[in-house]
Amino acid sequence: MRAVQVTEFGGPEVLTPVELPDPVAGPGEVLIDVERIGVNYADTHQAENSYLAPSKLPLVPGGEVVGTAQGKRVVALLNGGGGYAEKAVAPEATTFPVPDGIDDLTALSMLVQGTTAWVLLKRNAHLEKGESVVVHAAAGGVGTIAVQLAKAWGAGRVIATASSDEKRALALELGADVAVDSRAEDMTEVLLDANGRRVDVVLDMVGGKTTDQSIAALAPFGRLAFYGMAGREAPKPLDLRKVLGHSTTVSGMWLPHVFRLPGNVFGTALNDLFELVLAGKLKAIPGGEFPLSDARGAHEALRSRKTVGKLLLDPGK
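What follows is the structure in structure tokens.
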């Protein structure tokens with residue numbers, strides 16, 4: 001089968017098209033004929049071995065696919081990679097049927113980005129109606145869905161951050177009340193001005209000073225949910241005296257941990273998202289489709305932070 005393999009860790013240049021034997025499903029697994037592959041920021045970390053879960057060489061990156069298994073259309077999370085290929089093996093427990101009316105783009109957008117936004121708002125932030133929500137990287141895969149969910153769930157004011165006029169316009173189109181420049185030198189001041197007071201909830205996957213300055217903008221009992229570090233710069237260590245002094249909550253979220261929660265939280269989230277899509281209350285934003293043979297180009301585009309929405313790979317090209 002055609003695939004993309006990493007034999008040495010590094011940037012997009014290490015993604016190499018190859019021919020590999022077809023994978024074989026073991027007990028509790030399913031073999032999927034892949035129709036489209038989702039591209040995530042986690043894949044770029046996986047390729048350079050900077051992800052939370054260490055990578056091992058040789059590696060076929062990719063954690064999510066949509067395709068057919070045993071004659072049925074499914075979307076699946078993979079265990080440790082293997083998605084950048086024409087065929088992939090996934091655990092039965094993380095393989096989900098795709099309802100009629102849900103296209104490939106939407107299925108993949110909701111599987112990782114959608115469930116991430118759902119968990120952040122429901123479980124980390126415990127969003128209440130009327131509260132203000134800051135969505136950093138609001139034109140990205142998670143951000144575009146988080147803006148829509150926050151509005152659908154009654155947020156009082158949604159403040160989007162993005163790096164270009166086009167991205168800010170997209171965030172406003174999706175329901176954000178105001179969109180500000182993510183490149184601002186003083187994000188604390190920008191957020192206070194945008195809300196007219198301190199903010200209640202921040203969803204952050206940028207890191208560095210964006211995180212530091214967002215924490216400083218939180219209202220008493222405000223919550224920052226940290227779920228990535230696209231800027232590849234760590235925030236400063238938290239001063240717990242300041243956390244206490246401002247009644248601040250800072251939490252982290254790594255999607256694999258959702259599967260350890262009691263009950264079928266991931267499945268519930270995915271079903272909720274599909275229902276919202278079918279009801280016309282939520283939509284996936286296309287970010288571009290690349291041939292599998294140009295996975296490098298997809299990673300370059302993603303790391304440039306010039307993309308919007310969801311990026312896909314086509315294994316047939």
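Residue numbers (UniProt numbering): 1 to 317. Don't be surprised by glycine CBs; every beta carbon is placed ideally from N, CA and C.
Open item on the list: Measuring straight from C-alpha to C-alpha, what distance separates E86 and A269?
Closed with: 28 Å
Task: Residues bridged to I32 (per DSSP) - done: A88
Open item on the list: Tell me the rounded alpha-carbon separation between E166 and R198.
Closed with: 26 Å
Open item on the list: So the candidates are V89, S132, G309 and T94; which of them puts its Cα closest to the Cα of G140?
Closed with: G309
- [ ] Below 7 Å CB to CB, which residues in the same chain sit around L238 once its five sequence neighbours on both sides are set aside?
- [x] V250
Task: Member of R168, V202 and P220 whose CA lies at the smallest distance from the CA of K122 - done: V202
Task: Reference A164, options R157, A179, R73 and T210, closest by Cα - done: Here residue 164 is Ser; the residue named in the question, Ala, does not match the sequence. Checked all of R157, A179, R73 and T210; the closest Cα to S164 is A179.
Open item on the list: Tell me which residue opens and which closes the alpha helix (DSSP H) that I215 is part of.
Closed with: G208 to I215
Open item on the list: Tell me the DSSP secondary structure of K306 in three-state form.
Closed with: coil
TODO: Identify, in the order they occur along the chain, each residue of the same chain with its Cβ nearer than 7 Å to the Cβ of A298, setting aside the five sequence neighbours on each side.
DONE: V39, F290, L311 and L313
Task: Alpha-carbon to alpha-carbon, V4 and residue 331 - done: Since the first residue shown for the chain is 1 and the last is 317, residue 331 is missing from the structure and cannot be characterised.
Task: Contacting residues, own chain, Cβ-Cβ under 6 Å from Q46 (five flanking each side not counted) - done: S55 and P61
TODO: Counting only runs of 3+ residues fully inside the segment 244–290, write out the beta strand (DSSP E) ranges in chain order.
DONE: 249–252
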